[in-house]
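FYI, the numbering for the sequence shown is -30 to -1, 1 to 507, going by mature numbering (1 follows the signal peptide of the UniProt record, and there is no 0).
Data first, discussion second: the structure below is written as structure tokens.
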Amino acid sequence: MKLLSRALIYGLSALVIVASVLFSSSGAHATVTPSSGPTSGGTTITVQGISFVSVHTGENYALGLTSEGTLYTWGANQSGQLGNGTTTTSTTPQPVLGEGGVGILRGVTQVSAGTYHVIAVTPEGVFAWGDNQFGQLGIGTTSNQANPFPSKVVGLNGNGYLSGVTQIVASGFHSMAIVDGSVYSWGSNSWGQLGDNTVIDKNVPTRVLGESGTGYLTGITSIASRGAHSLASSGTALYAWGANAFGQLGVGTTTSSSVPLRVLGPNGNGFLTGIEQISTGNTHSLALVSGNVYSWGWNVEGMLGTGSTTDSSVPTLVLNESGTAPLAGVESIGTGSYNSYAAIAGKLYVWGSNTDGTLCIGSSANQVPFATLPVWVLGESGSSPLENVLDYSAGNRVTSVLTPSGIMTCGDNHNGQFGNGNVVNSTRVVQGPHFVQTGFTIGQNLAENLLISGDILTGTTAPSAAGVVNITGTANVFGGTTAATPATVSWNAGTFTYEAALANTGSADLFPFGLASAGAILLGAGLLLALRRQQNR
């Protein structure tokens, strides 16, 4: 029995080794299907094309994060916030460069656009660029000079580099990050927005104190900031600190605080709980709770969505478009400087300021100075709500919306923040940056029988030697460009493995048979080895 067990161990171990070798050779990028085929070619493969997956808007510029983890930026650039190595305004999309201007910044998993600075998270670290006059880049220096290249953000109190970040926020002139449930902040602190019980600016991350300055905040899952006040939520509790002249902290007063205070409940009763999402404008705040939206702070242009222009220092319910009941069924919320947004079933409500057409409500005949109740963001025709909204963001007097056809924008375009090649404002959304797929190569060979449907590319492989080859996708990025003068981009879409045909057959059914045969041979070898050892004793 021991002999048989030992033989089985030898043979089965060999079988496992063979299986491991064969299967590990077929691994490939998830966007290529299938990931392997014969050297004779003729395999039809599908490749996922490049697209924008999110849009982020600063004061007068914008960024698009792609499915490949790269960034494109456009608009104003006086502080180097476009990250393209210059301080020149661009009305068309430009790729963000890598650290110190080397190559392209890659592997971006999240990004946040502040007033004139940007912060992005990658596997290699957290990078920041743009304005740094208050130390908001977190690189250990303070400078009024533009920083047009990404630089790595340092760690807590300037030790090492920042890592383990689960959320990043670039605000007006300060920044925040969540690390292990704690909140780090740096930059401008004139109103106590760093939450460290001082009003001293910091050019390196510092830890935000706990409620009323006791200990430190812990268990935080989301943060938000746009102006000079900050919010942090644990889901069960919401904290606010910083500027409070209009009641934007939601604590029932208009007194600023340099330490976190707990946000009160609806109409000032108890405390706000069950928080699903938070967002802040320059001087107002929003929270999403069970499909309803609560707002508080400055309301001079109706950004609280209560049907009035009266400020509130405590959370109050946002009403529906007729003002007859609370807005319900909301899936996500957002804010611009003086606007608020709520997404429902692929459509987008907006309320607040309409300066330069920020509300996206169509023709000049429909224009109002502001909206105190939610109205739909309209489509390109200006006659019906924009549909299939995937993401949205807003700056100062500009609204950007991501749809399957690309980024659509309305409002102020004086600095080219539409990314469509001109500086013409619009009261309805217009097409901005988007990708058009053009093809892909498999190793050195162009894909044959190419078919393109939206962001999906299909083609067949040409004959090739056995081995692993790169799949390189190509596309044109449009935004102020034309079919005659496109901006062409390429990216590594994955890999494909050319497999040599196994002996005497071209059938794919040979693989499991061959694997089993190899295992059987090695199993037999193990048995013979064990028997020989037994005979020699």
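Each residue gets a CB set at the ideal place from its N, CA and C atoms; glycine is no exception.
Just so it is clear, the structure is predicted and the values come from calculations on it, not from any experiment.
Is the beta carbon of residue i sitting closer than 9 Å to the one on residue j?
| i | j | result |
| --- | --- | --- |
| residue 515 | Asn309 | Residue 515 lies beyond the range of the chain shown here (-30 to 507); nothing can be said about it. |
| residue 508 | Thr430 | Outside the modelled stretch of the chain, which goes from -30 to 507, sits residue 508, for which no answer is possible. |
| Ala364 | Ser307 | yes |
| Gln115 | Ser141 | no |
| Ser228 | Asp171 | no |
| Leu126 | Tyr154 | yes |
| Leu234 | Val288 | no |
| Glu271 | Asn324 | yes |
| Ala449 | Thr62 | It is worth fixing the name first, because residue 449 is Gly in this sequence and not Ala. In this structure, Thr62 lies closer than 9 Å to Gly449 by Cβ. |
| Gly391 | Ile377 | no |
| Asn173 | Gly108 | yes |
| Ala313 | Val345 | no |
On the DSSP bridge assignment, give the partners of residue i in chain order.
| i | result |
| --- | --- |
| residue 520 | With the chain represented from -30 up to 507, any question about residue 520 goes unanswered, as that position is not in the structure. |
| Asn392 | DSSP lists no partner for Asn392. |
| Thr16 | Thr3 and Thr428 |
| Val300 | Answer is none; Val300 lacks a bridge partner. |
| Ala140 | Ser145 |
| Ser182 | DSSP output for Ser182 lists no bridge partner at all. |
| Gly53 | None, per the DSSP bridge assignment. |
Work out the CA separation of residue j and residue i for me, nearest whole Å.
| i | j | result |
| --- | --- | --- |
| Glu246 | Gln64 | 34 Å |
| Gly267 | Gly217 | 5 Å |
| Arg398 | Val406 | 23 Å |
| Ser375 | Lys317 | 15 Å |
| Glu469 | Pro93 | 32 Å |
| Ala341 | Tyr362 | 19 Å |
| Gln103 | Gln51 | 13 Å |
| Ser37 | Val23 | 6 Å |
| Gly220 | Val371 | 28 Å |
| Phe241 | Gly386 | 43 Å |
| Ala(-1) | Thr465 | Per-residue confidence for Ala(-1) stands at a pLDDT of 45, beneath the threshold of 50, marking its modelled position as unreliable; the derived number appears in the next sentence. Computed Cα separation, rounded: 9 Å. |
| Thr223 | Gly151 | 28 Å |
In three-state DSSP terms, what is residue i?
| i | result |
| --- | --- |
| Thr369 | strand |
| Ser204 | coil |
| Gly197 | coil |
| Leu187 | coil |
| Asn336 | helix |
| Thr325 | helix |
| Pro355 | strand |
| Asn237 | helix |
| Asn127 | helix |
| Gly134 | coil |
| Gly70 | helix |
| Glu469 | strand |
| Trp346 | strand |
| Leu360 | coil |
| Gly244 | coil |
| His384 | coil |
| Ser278 | coil |
| Ser82 | strand |
| Phe119 | coil |
| Val270 | coil |
My assumption, with CB atoms under 8 Å, is that residue i sits in contact with residue j. Please give the rounded CB distance.
| i | j | result |
| --- | --- | --- |
| Leu201 | Ile138 | About 15 Å; that fails the 8 Å criterion. |
| Tyr209 | Pro230 | 4 Å |
| Ser121 | Ala98 | 6 Å |
For residue i, is the beta carbon positioned less than 8 Å from some heavy atom of the ligand FMN?
| i | result |
| --- | --- |
| Ala295 | This structure lacks the ligand FMN; in fact it carries no ligand of any kind. |
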